[in-house]
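Taking numbering that gives the first Met the number 0, the leading residue of the sequence shown gets 0, the next gets one more, and so forth. Have a look at the structure below before the remarks.
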Amino acid sequence: MWKVCASVLRSSVQGYNNRRVLPLLSRHLSSATPGATEPGLTVSSQHAGIRTITLNNPRKRNALSLAMLESLRRDLLTGGSQDDLQVIIIAAEGPVFSAGHDLNELSPAHSREKHTEIFDACTRVMTLVQDLPVPVIAKVQGLATAAGCQLVASCDIVVASDTAQFATPGVKVGLFCSTPAVALGRAVPRKVAMEMLFTGQPITAQDALLHGLVSKVVPESKLDEETHRLAQQICTTSRSVTAIGKACFYSQITKSRDEAYREAGEVMVNNLQTEDGREGISAFLEKRKPTWSHR
Numbered sequence: 000m001w002k003v004c005a006s007v008l009r010s011s012v013q014g015y016n017n018r019r020v021l022p023l024l025s026r027h028l029s030s031a032t033p034g035a036t037e038p039g040l041t042v043s044s045q046h047a048g049i050r051t052i053t054l055n056n057p058r059k060r061n062a063l064s065l066a067m068l069e070s071l072r073r074d075l076l077t078g079g080s081q082d083d084l085q086v087i088i089i090a091a092e093g094p095v096f097s098a099g100h101d102l103n104e105l106s107p108a109h110s111r112e113k114h115t116e117i118f119d120a121c122t123r124v125m126t127l128v129q130d131l132p133v134p135v136i137a138k139v140q141g142l143a144t145a146a147g148c149q150l151v152a153s154c155d156i157v158v159a160s161d162t163a164q165f166a167t168p169g170v171k172v173g174l175f176c177s178t179p180a181v182a183l184g185r186a187v188p189r190k191v192a193m194e195m196l197f198t199g200q201p202i203t204a205q206d207a208l209l210h211g212l213v214s215k216v217v218p219e220s221k222l223d224e225e226t227h228r229l230a231q232q233i234c235t236t237s238r239s240v241t242a243i244g245k246a247c248f249y250s251q252i253t254k255s256r257d258e259a260y261r262e263a264g265e266v267m268v269n270n271l272q273t274e275d276g277r278e279g280i281s282a283f284l285e286k287r288k289p290t291w292s293h294r
């Protein structure tokens with residue numbers, strides 16, 4: 000399965016003319032091993048370019064156990080046709096989006112090696128979300144805590160219901176949310192991140208919007224509609240152009256201003272040389288809708 004996945008993903012980014020996309024995907028594919036996952040921990044479906052992956056263990060508050068992380072990673076890499084995939088939505092069953100790591104797996108009964116395996120698996124999932132060439136949207140209907148909050152902060156776009164809450168409460172149980180802090184500290188102002196990390200207190204969806212952790216807040220009854228509206232809007236654009244832009248954004252954001260401009264300028268020049276780059280400019284000048292080849 001993994002060899003097939005690698006082939007499909009490589010073909011899906013052919014012609015993107017961006018030196019970052021293939022190395023990032025190759026890193027994830029080369030470390031992908033078919034591990035043991037519990038059936039049904041995540042449910043994946045795909046229609047009209049939109050893949051929806053649902054965390055499906057509400058009885059355990061959608062805890063990101065090792066098996067859940069491996070199931071989520073598998074569904075991010077596979078689970079539908081790559082030929083028309085343009086956006087991924089991560090959703091959850093039940094009143095809790097995700098309560099973070101399964102603390103049973105982090106107990107002293109397990110070895111240091113086991114704990115390392117769990118955090119390594121979590122890091123692979125969080126970085127994969129941002130390394131994928133398609134946008135990833137989190138649809139958050141309830142509480143997202145610790146590594147669950149980390150997953151939200153790692154997604155490209157977040158649509159939250161007005162009843163959602165976000166927290167990094169590890170400090171309360173003697174395990175500071177250091178890995179969630181990596182994503183959180185890159186999504187919200189430092190002082191906000193530190194307050195969340197030091198107190199463990201949840202913030203509301205409105206506060207999360209104010210501080211940049213989420214993209215928009217809607218009534219719970221409108222959550223599905225608004226998330227899919229955004230996904231469908233993304234599906235009207237070129238896959239290759241989106242992949243170029245996403246890779247460049249995450250690369251330049253860590254650089255100095257001058258380095259960022261040098262990289263982004265080169266990427267835009269390369270973008271103009273792609274088939275869809277030429278088509279988009281031509282269509283605008285000719286006052287017609289573009290016909291994307293996704294190359």
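Positions of the beta carbon are idealized from the N, C-alpha and C atoms, including for glycine. Since the structure is predicted, the reported quantities are computational estimates derived from the model, not experimental observations.
Distance, Cα to Cα, residue i vs residue j?
{"i": "L208", "j": "S160", "result": "11 Å"}
{"i": "R294", "j": "G264", "result": "20 Å"}
{"i": "A242", "j": "I233", "result": "12 Å"}
{"i": "A230", "j": "N103", "result": "36 Å"}
{"i": "C176", "j": "L183", "result": "10 Å"}
{"i": "P289", "j": "E278", "result": "6 Å"}
{"i": "P201", "j": "S281", "result": "49 Å"}
{"i": "T198", "j": "V213", "result": "20 Å"}
{"i": "M193", "j": "I252", "result": "21 Å"}
{"i": "V240", "j": "L65", "result": "34 Å"}
{"i": "P57", "j": "Q140", "result": "12 Å"}
{"i": "D275", "j": "E219", "result": "37 Å"}
{"i": "S153", "j": "K190", "result": "19 Å"}
{"i": "I89", "j": "A246", "result": "20 Å"}
{"i": "L105", "j": "E258", "result": "41 Å"}
{"i": "G169", "j": "H114", "result": "15 Å"}
{"i": "E91", "j": "H227", "result": "Glu is not the amino acid found at residue 91; the sequence shown has Ala there. About 15 Å."}
{"i": "L196", "j": "N61", "result": "21 Å"}
{"i": "K215", "j": "V268", "result": "32 Å"}
{"i": "K221", "j": "S80", "result": "28 Å"}
Can you tell me the Cβ-Cβ gap for residue i and residue j, rounded? I've got them flagged as a contact below 8 Å.
{"i": "A204", "j": "Q164", "result": "7 Å"}
{"i": "L63", "j": "G39", "result": "L63 to G39, Cβ: 15 Å. No contact."}
{"i": "L150", "j": "V95", "result": "12 Å between Cβ atoms; not a contact."}
{"i": "C319", "j": "T122", "result": "Residue coverage of the chain in this structure runs from 0 to 294, which leaves residue 319 outside it and unanswerable."}
{"i": "P179", "j": "A145", "result": "6 Å"}
{"i": "R72", "j": "V124", "result": "5 Å"}
For residue i, which option in the options has the closest C-alpha, if you only look at C-alpha atoms?
{"i": "I136", "options": "I252, F118, A145 and E225", "result": "E225"}
{"i": "L75", "options": "T162, V213 and T126", "result": "T126"}
{"i": "M67", "options": "V216, V42, G211 and S214", "result": "V42"}
{"i": "V128", "options": "G78, D155, T53 and H210", "result": "D155"}
{"i": "F118", "options": "L222, S214, V181 and H210", "result": "V181"}
{"i": "H210", "options": "L71, V157, R58 and P132", "result": "V157"}
{"i": "K138", "options": "I52, L271, E285 and P132", "result": "I52"}
{"i": "G93", "options": "F248, D223 and N55", "result": "N55"}
{"i": "T236", "options": "M195, T162, W291 and N61", "result": "W291"}
{"i": "D130", "options": "N61, Y249, S70 and R60", "result": "Y249"}
{"i": "L174", "options": "V266, D101 and P188", "result": "D101"}
{"i": "E69", "options": "S255, A186 and E116", "result": "E116"}
For the alpha helix (DSSP H) that residue i lies in, which residues bound it at each end?
{"i": "T115", "result": "R111 to D130"}
{"i": "F197", "result": "R189 to T198"}
{"i": "H210", "result": "A204 to H210"}
{"i": "L76", "result": "L65 to L76"}
{"i": "A143", "result": "That residue, A143, is in no alpha helix (DSSP H); its beta strand (DSSP E) goes L142 to T144."}
{"i": "T241", "result": "R238 to Q251"}
{"i": "S281", "result": "E274 to L284"}
{"i": "V181", "result": "S177 to L183"}
I need the boundaries of the beta strand (DSSP E) containing residue i, first residue and last residue.
{"i": "I49", "result": "I49 to L54"}
{"i": "V158", "result": "I156 to S160"}
{"i": "K221", "result": "Here K221 belongs to no beta strand (DSSP E), and DSSP marks it neither H nor E."}
{"i": "F96", "result": "V95 to S97"}
{"i": "I89", "result": "V86 to A91"}
{"i": "A166", "result": "Q164 to A166"}
{"i": "S106", "result": "Here S106 belongs to no beta strand (DSSP E), and DSSP marks it neither H nor E."}
{"i": "T41", "result": "T41 to H46"}
{"i": "V217", "result": "K215 to V217"}
{"i": "K138", "result": "V135 to V139"}
* Asked: Can we say the segment 47-58 touches the segment 67-86, given the rule of at least three CB pairs closer than 8 Å?
  -> yes
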